[in-house]
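Per my numbering, the very first residue in the sequence shown carries number 32; after that it's consecutive.
C-beta atoms are modelled at their ideal positions from N, C-alpha and C, and glycine is treated no differently.
Data block below; observations after.
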Amino acid sequence: MPVTEFAIIPFNNEGWEDTPTVGHQAELAQEATTSLTIPDNILAKLSTARECLEQASGHTFRFFQQIQDPSMVHIIGKWDSIDAHGAFLVSPENQHLLQLLSEDVMSSKGKPEIQMWHLDVDAFDYPSLADSWLSSATCVAYQRCTVSMQGRAQHSEDFGDLVTAMKRSASAVGGWRIEKEAEDEEWMVFYDPKVKMGTSLPAEDHQEFGKTELATHLGELHMVALEGL
Numbered sequence: 032m033p034v035t036e037f038a039i040i041p042f043n044n045e046g047w048e049d050t051p052t053v054g055h056q057a058e059l060a061q062e063a064t065t066s067l068t069i070p071d072n073i074l075a076k077l078s079t080a081r082e083c084l085e086q087a088s089g090h091t092f093r094f095f096q097q098i099q100d101p102s103m104v105h106i107i108g109k110w111d112s113i114d115a116h117g118a119f120l121v122s123p124e125n126q127h128l129l130q131l132l133s134e135d136v137m138s139s140k141g142k143p144e145i146q147m148w149h150l151d152v153d154a155f156d157y158p159s160l161a162d163s164w165l166s167s168a169t170c171v172a173y174q175r176c177t178v179s180m181q182g183r184a185q186h187s188e189d190f191g192d193l194v195t196a197m198k199r200s201a202s203a204v205g206g207w208r209i210e211k212e213a214e215d216e217e218w219m220v221f222y223d224p225k226v227k228m229g230t231s232l233p234a235e236d237h238q239e240f241g242k243t244e245l246a247t248h249l250g251e252l253h254m255v256a257l258e259g260l
């Protein structure tokens with residue numbers, strides 16, 4: 032089953048652009064253009080990483096820079112299965128990539144603080160693989176939400192209805208996190224930042240969103256595609 036990889040890579044701040052002001056963050060999220068800078072040496076290494084990931088997976092990988100913190104790089108990619116990705120993670124090629132970035136990525140106790148998990152959805156298959164929204168988006172927002180394990184079945188329908196409502200105004204795709212950090216279940220949605228989840232939906236859709244009774248909203252974040260990748 033195809034899965035979506037989502038990774039968060041925190042780079043050391045030295046040489047990076049300062050965090051934009053709140054007003055500038057809003058402008059970046061709405062103008063849908065790449066307006067952040069990144070050190071040339073980091074960009075070159077990420078270009079190598081993208082080539083390696085796409086060759087290993089046979090699929091597209093997108094690299095984004097977080098607007099709220101430009102030193103945070105996000106990767107969205109596709110694998111044919113978790114096992115296929117697992118085979119790559121222990122490969123010499125991946126070990127080479129980790130070594131390549133070792134001096135640039137923030138670490139704790141000698142280990143890089145990279146977060147990575149899979150979603151049970153092919154995020155690139157919207158509206159179709161031939162015309163994927165996420166494959167060409169220059170600005171993407173995402174939100175993470177947690178619900179109790181017992182409430183997943185109920186909320187699956189609620190979240191599905193929410194994505195359907197968001198698609199009326201903009202592109203959106205969501206899925207459940209496969210690897211869990213705790214007993215709770217986590218759902219994640221990528222969407223066009225021109226529509227804020229819930230608050231910018233038509234009145235009737237916003238009312239339905241309120242009925243989902245989410246346990247926790249983990250915050251709305253925006254990211255812009257890295258120029259040159």
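Looking at V194: is its Cβ nearer than 8 angstroms to the Cβ of A184? no
On the three-pair Cβ rule with 8 angstroms, is the region 210-229 touching the region 132-142? no
In the DSSP assignment, the beta strand (DSSP E) including Q174 goes from what residue to what residue? 170-178
Using 10 angstroms around the beta-carbon of P101, count the other beta-carbons present and answer buried if the total reaches 16, otherwise exposed. buried
How big is the Cα-Cα spacing for S112 and D153? 10 angstroms
Would you mind giving the Cβ-Cβ distance between A172 and H105, rounded to the nearest angstrom? I have them listed as a contact below 8 angstroms. At roughly 11 angstroms, the Cβ-Cβ gap does not stay under 8 angstroms, so A172 and H105 are not in contact.
So, helix, strand or coil for I113, using DSSP? helix
Which runs of the alpha helix (DSSP H) at least 4 residues long sit entirely within the region 77-161? Give them in chain order. Here the runs fully enclosed are 113-120, 123-132.
What does a CB cutoff of less than 8 angstroms around E210 pick up in its chain, not counting 5 residues either side in sequence? Closer than 8 angstroms at Cβ, skipping near neighbours: W148, H149.
Anyone know if the C-beta pair for D151 and W207 falls short of 8 angstroms? yes
Quick one: does C176 have its CB under 8 angstroms from some CB of chain C? In the structure shown, chain C cannot be found, because there is only a single protein chain.
Under the rule that 16 or more other beta-carbon atoms within 10 Å means buried, what is R199, buried or exposed? exposed
Which residues in the same chain as L257 place their Cβ atom closer than 6 angstroms to its Cβ, once the five residues preceding and following it in sequence are excluded? Annotation for L257: F94, Q96 place their beta carbon closer than 6 angstroms to its own, counting only its chain and skipping 5 residues before and after.
Please name the residue in S187, C170, T169 whose C-alpha comes closest to that of T177. S187
In chain order, what residues of the same chain have a beta carbon less than 8 angstroms from the beta carbon of S166, not counting five sequence neighbours either side? T91, R93, F155
With burial defined as no fewer than 16 other Cβ atoms inside 10 Å of the residue's Cβ, what is the status of M197: buried or exposed? buried
Specify the secondary structure class of I73 as computed by DSSP and reduced to three states. helix
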